[in-house]
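Visitor:
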Amino acid sequence: MKVKWTHTAKKSLNQVYEFLNDVWGNRVADHFLQLVDAKINSLAKRPEIGKKHLNRDFRSILIHKHIRLFYHVGNSEIVLLTFWDNRQDPVRLSESLIKKKP
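And the structure:
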């Protein structure tokens, strides 16, 4: 399946990468990007592997113990919505996802 990146997904991935790079260094940040690539490749082959959320409109897959990727499965593409730090306020996440509902 085709994978489409939203602006928010790109921005949130960049924020996570920058944080990891600043705190843990380039090696850890680059390893995180490798994990992201592997998970997205898995999603492209099997989009339903992620956990269902919010009336089945959204799914998520754990990238790292603190980071989850939220996405939507359409008829012909997977839309990456956001990378989310699981330690953040879940209400903010819900509000953000509802605004971005495809």
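Residue numbers for the sequence shown, in the working numbering: -15 to 86.
The beta carbon of each residue, even a glycine, is placed where N, CA and C say it ideally should be.
#1: In this structure, does DSSP put Thr(-10) in helix, strand or coil?
#2: Along the beta strand (DSSP E) that carries Lys36, what are the first and last residues, could you check?
#3: Could you spell out the range, first to last residue, of the alpha helix (DSSP H) harbouring Arg11?
#4: Tell me which residues share the same chain as Ile45 and place their Cβ nearer than 6 angstroms to its Cβ, disregarding the 5 neighbours each side in the sequence.
#5: Once the 5 residues before and after Leu4 are set aside, which same chain residues still bring their CB inside 6 angstroms of it?
Guide: For this structure:
#1: coil
#2: 35 to 37
#3: 10 to 29
#4: Lys23, Gly34, Leu53
#5: Val12, Ala13, Phe16
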